[in-house]
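Per this note's numbering, the sequence shown starts with residue 76, numbered consecutively. Each residue gets a CB set at the ideal place from its N, CA and C atoms; glycine is no exception.
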Amino acid sequence: MARPLDKLIRWGQIVVVGLGAIGILLALLWLNGERRWGRWEPLSDRDAFVHGALGLEIVPLKYVIVMGEDDVSGSFFRRGEGYRSWIDDYGFLPNPDSTGATLCLETAATEAPVGVAVSHHLPASASPSPIPFVGFSCAACHSVKLDTTDGPGPVLYGPGSISLDLIAWGDALKNAVSDPNLTVKKIQDAYDELGCEEQGFVEKMLETAVLNLWLTGLRGVFLDGTKRFGLPYAGDELLDPHLVPPGPSRTRPFRSIVRVAMEMPGATNRALSKVPAAFEQNHLMRDRSQYDGSIGDYVVRSLIAAYTSGAQVPALANPAIEHNVRASARHTLYLGSVSEPADPQDGATRTPVPTFAESFPGVPIDPALAAAGLEVYMLYCNDCHGYRPLDGGEWRWDGARWFHQVSWLDPADGTPTIDTDGERIHFRYNDVLTLAMQTAFPGDVEQRKAQLDALKAAQERAVADGKGMEAALWKSFEKRLDTRRRMFPLGHPFYFGPEVLRDDKGYYNNPIPRAYLRSPYLHHGAVPNMRQLINLDPRPERFCRGRNLYDPGSMGIVAPAPDPAGRCPDETPFLYDGSLPGNSVRGHDFPWPYEEGRSPERTRQLEALLEYLRTV
Numbered sequence: 076m077a078r079p080l081d082k083l084i085r086w087g088q089i090v091v092v093g094l095g096a097i098g099i100l101l102a103l104l105w106l107n108g109e110r111r112w113g114r115w116e117p118l119s120d121r122d123a124f125v126h127g128a129l130g131l132e133i134v135p136l137k138y139v140i141v142m143g144e145d146d147v148s149g150s151f152f153r154r155g156e157g158y159r160s161w162i163d164d165y166g167f168l169p170n171p172d173s174t175g176a177t178l179c180l181e182t183a184a185t186e187a188p189v190g191v192a193v194s195h196h197l198p199a200s201a202s203p204s205p206i207p208f209v210g211f212s213c214a215a216c217h218s219v220k221l222d223t224t225d226g227p228g229p230v231l232y233g234p235g236s237i238s239l240d241l242i243a244w245g246d247a248l249k250n251a252v253s254d255p256n257l258t259v260k261k262i263q264d265a266y267d268e269l270g271c272e273e274q275g276f277v278e279k280m281l282e283t284a285v286l287n288l289w290l291t292g293l294r295g296v297f298l299d300g301t302k303r304f305g306l307p308y309a310g311d312e313l314l315d316p317h318l319v320p321p322g323p324s325r326t327r328p329f330r331s332i333v334r335v336a337m338e339m340p341g342a343t344n345r346a347l348s349k350v351p352a353a354f355e356q357n358h359l360m361r362d363r364s365q366y367d368g369s370i371g372d373y374v375v376r377s378l379i380a381a382y383t384s385g386a387q388v389p390a391l392a393n394p395a396i397e398h399n400v401r402a403s404a405r406h407t408l409y410l411g412s413v414s415e416p417a418d419p420q421d422g423a424t425r426t427p428v429p430t431f432a433e434s435f436p437g438v439p440i441d442p443a444l445a446a447a448g449l450e451v452y453m454l455y456c457n458d459c460h461g462y463r464p465l466d467g468g469e470w471r472w473d474g475a476r477w478f479h480q481v482s483w484l485d486p487a488d489g490t491p492t493i494d495t496d497g498e499r500i501h502f503r504y505n506d507v508l509t510l511a512m513q514t515a516f517p518g519d520v521e522q523r524k525a526q527l528d529a530l531k532a533a534q535e536r537a538v539a540d541g542k543g544m545e546a547a548l549w550k551s552f553e554k555r556l557d558t559r560r561r562m563f564p565l566g567h568p569f570y571f572g573p574e575v576l577r578d579d580k581g582y583y584n585n586p587i588p589r590a591y592l593r594s595p596y597l598h599h600g601a602v603p604n605m606r607q608l609i610n611l612d613p614r615p616e617r618f619c620r621g622r623n624l625y626d627p628g629s630m631g632i633v634a635p636a637p638d639p640a641g642r643c644p645d646e647t648p649f650l651y652d653g654s655l656p657g658n659s660v661r662g663h664d665f666p667w668p669y670e671e672g673r674s675p676e677r678t679r680q681l682e683a684l685l686e687y688l689r690t691v
């Protein structure tokens, strides 16, 4: 009896040793793979802006390629009756480098939409991945295609998008991935039908394993988010401005910050913002970022944009992602500038953004009328924005009393009254967001002590004000900071101090170079064109948004009115309703409010002002 047992033991030992050897071999193969998957070359500033991953990876490239197919997830992206594709309907721009080839894994660089960043980073952690994942680069939001009635226009990098409906797309994606009928096999089978290059056995095996882990994990993340923030909207709900208020080219930035930095819903937040222009951001032009001037560092501006869009703190420490954030931010300094950087050591290089005349050579500019318009501009606009000389030189701010200062909604210090929509200023939690953000990225030992002291002081103030729950929240942020300190004992590479952020209850007066690329106007995109902004024409209370054409004559987007039932055309299916909170079309009445029966002289002055604004 002992002899068979000895044999069994020996065989068991052989099997265990064999399995151990296989495990070691697989681990070595994985480590070798990680070195290959994690290999990266620093991108140039421009390429980082256009193509660079920012830690926003969320879905595998293979799923992105097929998710619009009806037998995969296509039905979850449909809204309205005029659906064409998720790329067209949600305002993504076609790749200007496209060769017309089928979008496959190997052709993604030229065939994927603008701003789709492909990397071998796993979602959340940015650890090396054997399969490519998709996130977004800066160009996803900061690019525009000025199509007119005369035909398609080029893609320009730097201006804020006038078509992207990213929040609605995000809700559609949550519904699509959470569909119980979606399987890895369904994704792979749909891709195989495209006729793309076939994968090897090992590649397919690794892909299957990672896709299964991704699908299970992301469904859990989405379900957890739903329990905290509510169900995502779907179908025609995504076009309802009462349910999904931003619509194309706008975001809810402070709701995002509340959710990410404070882990709270922020559901009532109506601080809507259009996607801003991201060119000529050097400190002489814009010494502070955001419409309220709340951020005093251009790198922190880009960091916060990535962080509040979903990039996790660990992912932002990945060397490739850190490089892309810094390089993209640097690119904005002289993107559009008319001169080279004063200090070439900063790595920034001048990249032109076309003038109005270059974009629309068929629309002549009258020099005499533009000169008369400059006189009007100097009387009514220079104080806040500065000006560009008629010869197209550097921006100047001679005599600009309120340049780089805050204009309050209800000023008491003599600054101009702008009376624009105030939701961005008065939303709930705006008084606590600054500290929540500043303590999200741990510093070194001394910096961390200052962060903890600030959190303790906030607790004491909250208790003194009878806000026990707020005090508990600050206490929980102490624990969060300690957890992240363990991950980054020497400090996170993107730590920033309290002096970078400030909380001003107003709007920051900045220059407006390339004004024609800033439509729709005001901080929340409430005014479609420049004729309406300067009150040459009345401002519409309701208009339709989507893939709007551009009208060089009015210097802005073509925004059709809805029909009597409130319905919008298929190309522009989202209704902008100025009566809703956060959407007021009033304010910024410069040179003067709209007048019925305006005098011919005043009309001439406004027409001249419009002509000058084409030149800036």
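query	result
Alpha-carbon spacing of Cys619 relative to Gly600, whole angstroms	12 angstroms
Residue from Ala346, Ile140, Arg159, Leu136 with nearest C-alpha to Thr647	Arg159
Counted within 10 angstroms of its Cβ, other Cβ atoms place Ala128 as buried (16 or more) or exposed	buried
Expected contact under 8 angstroms - CB spacing of Ala187 and Leu178 to nearest Å	6 angstroms
Sufficient close CB pairs (3 or more, under 8 angstroms) joining the stretch 443-452 to the stretch 364-381	no
Cβ pair Phe431, Arg689 closer than 8 angstroms	yes
Option in Gly628, Glu181, Tyr165, Pro171 with minimal Cα separation from Pro436	Gly628
CA-to-CA distance, Val296 to Glu397, given in whole angstroms	24 angstroms
Continuous alpha helix (DSSP H) stretch holding Cys459: start and end	457-460
Whole-angstrom C-beta distance between Cys456 and Glu353, which should lie under 8 angstroms	The residue you asked about is not Glu; residue 353 is Ala in the sequence shown. Not confirmed; about 22 angstroms, so no contact.
Three-state secondary structure (DSSP) of Asn604	strand
Pairwise C-alpha distance: Thr185 and Asp172	5 angstroms
Inter-residue CB distance, Ser482 and Ile500 (contact presumed, cutoff 8 angstroms)	That belief does not hold up - the Cβ atoms of Ser482 and Ile500 are roughly 11 angstroms apart, past 8 angstroms.
For Asp264: DSSP bridge partner residues	DSSP, once it has assigned bridges, lists no residue as partnering Asp264.
Cβ neighbour criterion (16 or more within 10 Å) applied to Gly305	exposed
Ser173 in three-state terms, based on DSSP	coil
Backbone secondary structure at Ala590 - three-state DSSP	helix
Cβ-based neighbour list, Met630, same chain, cut-off 8 angstroms, excluding 5 preceding and 5 following	Phe431, Ala590, Tyr591, Ser594, Asn604, Met605, Arg606, Leu685, Leu688, Arg689
When Asn610, Val507, Leu597, Asp146 are compared against Arg673, the one with the closest alpha-carbon	Asn610
CA nearest to the CA of Glu278, picked from Ile237, Trp112, Gly190	Trp112
Reference Arg617; option with closest CA among His598, Ser659, Pro588	Ser659
Helix, strand or coil at Leu104 [DSSP, three-state]	Low confidence applies to Leu104: its pLDDT is 46, below 50, so where it sits in the model is not reliable, and the reading given next is rough at best. It is helical.
Simplified DSSP state of Leu684, which is helix, strand or coil	helix
Buried or exposed by the 16-neighbour rule on C-beta atoms within 10 Å, applied to Gly581	buried
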